[in-house]
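Counting with the numbering used here, you get residues 9 to 424 for the letters of the sequence shown. All C-beta atoms in this analysis are idealised placements derived from N, C-alpha and C, irrespective of residue type, glycine included.
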Amino acid sequence: MVITYYWPPSGGPGVQRILKFCKYFPEFGWEPIVLTVKNGEYPNLDYSMEQEVADLNIRVIKTKTFELFNLYKLIVGKKSIPSFELNQPNKGFLSTISRWLRMNCFIPDARKGWIPYGVIAGRDLLTKENIKVIFSSGPPHSLHFIAKKLKEESKISWVADFRDPWTDLFYLEGYNRLKISKAKDVEKEMQILSGADLITTVSPSIYNLLMGKNLRNKVEIITNGYDEDDFLGVESKANTKNSLVISYVGSMAKSQIPESFFMAMCELKKKNIQVKIQFIGNVHPEAVSLIEKMKITNQINSIGYVPHNDAIKYMIASNYLLLVVPNTNNNRGIITGKVFEYLRSKTPIICIAPTDSDVAEIIHETHGGFIFNYDDSKGIVDLILNPKNIYSKNIYKYDRKDLTGQLCKLFSNLAN
């Protein structure tokens, strides 16, 4: 049983991780049954992935949920919540009140309204199906309580997947949380960590964070990756006829605004170097303001969110791909899911990140691109003026099929 909130038509890297696991589970002798929500509150929609679910014939059970985010939308007067708003403090009285409620009242998160519905549906599956392992993937981490309850009632082995940290998540520093709220959140996190038979996570740094919570060697790393099938038939060379194309694929939060990169583009403009910058996804308004201030608007092509298969085409057709790790504390373990598809595209990566971060290590290991500190605009200028070839290697260890095989070995050990 796979318990996940984010599932097609939701878009984003969290969906990719779980969908690709479910795609390859049968090749290793495991048949997934997905438990998810009807009409979830998703920042991005990608209806093309619904067809992939249908083609794979994955069995999906969808339940009702009570969306506490509806209260947020009621307060701020919006029909939907842009993804960049969900992880950045915003000015304004109503936003301040709504975020205070979210951080101090909706613990562990605003998706907790799904728990009773998920438990009821999960119980039904346990009575009707031969479930061997329960696999819950967060965020939202509240869904782990569905798995916890089902494990307690059935004694079936449970694996809790942490795609992001919980109480150590980087953007929580930006909020004034009550001490009692923080303590309650830590308590809930420990209930999940101690109750699960195994914890999986996506990076060495998050692994170290979790191991520091006295988990006695029950944490394993299963990184994100790429699916080779997604690249079949879309191989192409970058367009170099007119100007250099640098693409940023995915949402850009406030902490990811690459000021040094924009400064580098200004410098290149002075040297009459033609660079076209493509944003494939949602961009924080402050990034747009900075672009206007630096007078490089005419170099920007803001395309917005596109289906996953189209995003891959943009990756392959670019000369460089821009990757920015959020500039916050506790950011060394952040490995955005797209980095592996960036690597598989074999398009050189311009990565702005701590040089000792997990993502920097991966890019060094695979020879996939170039790492720059947050203030190194000169280094970016030098790279564009004096381009260097890359010779990618070791990327195939991040194939989704192989990673699913590693996860299935863990399942088998628990089930036996």
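Who are I11's beta bridge partners in DSSP?
In the sequence shown, the residue the question calls residue 11 occupies position 3. BP columns for I11 point to L43, S144.
Whole angstroms is fine: what's the gap from Y382's alpha carbon to D176's?
Translated into the one-based positions of the sequence shown, residue 382 becomes position 374. Translated into the one-based positions of the sequence shown, residue 176 becomes position 168. Rounded to the nearest angstrom, the two C-alpha atoms are 22 Å apart.
Is the beta carbon of I358 less than 9 Å from the beta carbon of L329?
Stepping through the sequence shown from its first residue, residue 358 is reached at position 350. Stepping through the sequence shown from its first residue, residue 329 is reached at position 321. Yes, the pair counts as a contact, with Cβ atoms nearer than the cut-off.
On the DSSP bridge assignment, give the partners of I357 in chain order.
What you label residue 357 is simply residue 349 of the sequence shown in a count that begins at 1. DSSP lists L329, G377 as partners of I357.
Quick one: what's got a C-beta closer than 7 Å to P21's C-beta in the same chain, skipping five residues either side?
In the sequence shown, counting from the first residue as 1, residue 21 sits at position 13. If we look at P21 and ignore the five residues flanking it on each side, its Cβ neighbours are N232, T344, G345, K346.
Please determine, among L206, I214, P16, the residue with the shortest C-alpha to C-alpha distance to L422.
Here residue 422 corresponds to residue number 414 of the sequence shown, with the count starting at 1. Looking at the Cα atoms, L206 is the closest of the given residues.
Going by alpha carbons, who is nearest to H149 out of T104, G121, P16, E160?
On the sequence shown, residue 149 is found 141 positions in, with the first residue counted as 1. H149 has its Cα closest to that of G121, out of T104, G121, P16, E160.
Between I41 and L133, which are expected to be in contact by the criterion C-beta below 8 Å, what is the C-beta distance as a whole number of angstroms?
Residue numbering aside, residue 41 sits at position 33 when the sequence shown is read from its first letter. Residue numbering aside, residue 133 sits at position 125 when the sequence shown is read from its first letter. The Cβ separation is near 6 Å, so the contact holds.
What residue range does the alpha helix (DSSP H) around Q24 cover?
As a first step, residue 24 must be located in the sequence shown, where it is residue number 16. That run of the alpha helix (DSSP H) goes 21-32.
DSSP three-state call for R408: helix, strand or coil?
Within the sequence shown, residue 408 is the residue found at index 400, counting from 1. Helix.
Using CA atoms only, rank isn't needed, just tell me which of K321, E49, G341 is closest to P16.
As a first step, residue 16 is located in the sequence shown; it is residue number 8 there, counting from the start. When only C-alpha atoms are compared, the closest one is E49.
Residue range of the beta strand (DSSP E) that includes V127
In the sequence shown, residue 127 corresponds to position 119, counting from 1. Premise fails: V127 lies in the alpha helix (DSSP H), 123-136, not in any beta strand (DSSP E).
Which residues bound the beta strand (DSSP E) around S310?
Position 302 of the sequence shown, counted from the first residue, corresponds to residue 310. S310 -> beta strand (DSSP E) spans 308-310.
If you run the structure through DSSP and keep just helix, strand and coil, what is I188?
For this step, residue 188 is matched to residue 180 along the sequence shown. Helix.
Excluding five sequence neighbours on each side, which residues of the same chain lie with their C-beta closer than 8 Å to the C-beta of L252?
In the sequence shown, counting from the first residue as 1, residue 252 sits at position 244. Short of 8 Å from the beta carbon of L252, and not among the five residues preceding or following it, lie these beta carbons of its own chain, in chain order: I281, Q282, V283, K284, N327, Y328, I392.
Reduced DSSP secondary structure (H/G/I, E/B, other) of L415
Numbered from 1 along the sequence shown, position 407 holds the residue referred to as residue 415. It is helical.
So the candidates are F270, G289, A319; which of them puts its Cα closest to the Cα of K301?
The residue you call residue 301 lines up with position 293 of the sequence shown. Comparing Cα positions, the closest option is F270.
With C-beta atoms as the reference, is I230 less than 9 Å away from D169?
By 1-based counting over the sequence shown, the position of residue 230 is 222. By 1-based counting over the sequence shown, the position of residue 169 is 161. Yes, the Cβ-Cβ distance between I230 and D169 is below 9 Å.
Could you tell me if S91 is buried or exposed, where buried requires 16 or more neighbouring beta carbons within 10 angstroms of its beta carbon?
Stepping through the sequence shown from its first residue, residue 91 is reached at position 83. Legend: pLDDT at S91 = 48, less than 50; position of this residue unreliable, value from coordinates given subsequently. Buried, by the Cβ-count rule.
Can you find the residues in the same chain that come closer than 7 Å, C-beta to C-beta, to I115, ignoring five residues on each side of it along the sequence?
As a working note, residue 115 is residue 107 in the sequence shown. S189, K192, D193, K196.
8 Å contact criterion, which I324 and T305 should meet: CB distance rounded
Start at 1 with the first residue of the sequence shown, and residue 324 comes out as number 316. Start at 1 with the first residue of the sequence shown, and residue 305 comes out as number 297. The Cβ separation is near 26 Å, so there is no contact.
Cα-Cα, which of T44, T73, N78, L27 is closest to Q59?
Start at 1 with the first residue of the sequence shown, and residue 59 comes out as number 51. The option with the nearest alpha carbon to Q59 is L27.
How many angstroms separate the CA atom of K396 from the CA atom of R110?
Taking the sequence shown and counting its residues from 1, one reaches residue 396 at position 388. Taking the sequence shown and counting its residues from 1, one reaches residue 110 at position 102. Looking at the two C-alpha atoms, the distance is approximately 47 Å.
Go to Q59, then tell me how far its beta strand (DSSP E) extends in each direction, as first and last residue.
Start at 1 with the first residue of the sequence shown, and residue 59 comes out as number 51. Q59 -> not in any beta strand (DSSP E); alpha helix (DSSP H) instead, spanning 56-64.
L158 versus N78: straight-line alpha-carbon distance, rounded
Position 150 of the sequence shown, counted from the start, is the residue given in the question as residue 158. Position 70 of the sequence shown, counted from the start, is the residue given in the question as residue 78. In a straight line, the C-alpha of L158 is about 27 Å away from that of N78.
Whole-angstrom C-beta distance between I320 and S268, which should lie under 8 Å:
Taking the first residue of the sequence shown as position 1, residue 268 is located at position 260. Taking the first residue of the sequence shown as position 1, residue 320 is located at position 312. In fact, because the Cβ distance is near 27 Å, the residues do not count as touching under 8 Å.
Given that a residue counts as buried once 16 or more other Cβ atoms are within 10 Å of its Cβ, and exposed if not, what is C416?
The sequence position of residue 416 within the sequence shown is 408, counting from 1. It is buried - the Cβ of C416 has at least 16 other Cβ atoms within 10 Å.
For K46, which of E160, K70, F33 has the nearest alpha-carbon?
By 1-based counting over the sequence shown, the position of residue 46 is 38. Considering only alpha carbons, the answer is K70.
Where D237 falls, given that 16 or more other Cβ within 10 Å makes a residue buried:
In the sequence shown, counting from the first residue as 1, residue 237 sits at position 229. By the 10 Å Cβ count, D237 comes out exposed.
Contact check, L217 vs P173, beta carbons under 9 Å
Here residue 217 refers to the residue found at position 209 of the sequence shown. Here residue 173 refers to the residue found at position 165 of the sequence shown. In contact: L217 and P173 (Cβ atoms closer than 9 Å).
How about A261 and K386: do their beta carbons lie closer than 9 Å?
To locate residue 261, count along the sequence shown from 1; it is residue 253. To locate residue 386, count along the sequence shown from 1; it is residue 378. At the C-beta level, A261 and K386 stay beyond 9 Å of one another.
In the DSSP assignment, what are the bridge partners of D169?
As a position in the sequence shown, residue 169 is number 161, starting the count at 1. Answer is S145, T208.
If we require 3 or more residues per run, which beta strand (DSSP E) segments fall completely within the region 268-309?
DSSP runs (the beta strand (DSSP E)) wholly in the region 268-309: 283-288.
Applying the criterion that 16 or more other CB atoms from any shown protein chain within 10 Å of the CB defines a buried residue, is K156 buried or exposed?
Numbered from 1 along the sequence shown, position 148 holds the residue referred to as residue 156. Burial is judged here by how many other beta carbons sit within 10 angstroms of a residue's own beta carbon; K156 has at least 16 and is buried.
With distance defined between alpha-carbon atoms, name the residue in L64, W108, T208 nearest to K187.
What you label residue 187 is simply residue 179 of the sequence shown in a count that begins at 1. It is W108 whose Cα lies nearest to the Cα of K187.
Can you list, in chain order, the residues of its chain with a C-beta nearer than 6 Å to that of N23? Leave out the 5 residues immediately preceding and following it.
Numbered from its first residue, the sequence shown carries residue 23 at position 15. The question names Asn, but residue 23 in the sequence shown is Val. If we look at V23 and ignore the five residues flanking it on each side, its Cβ neighbours are Y14.
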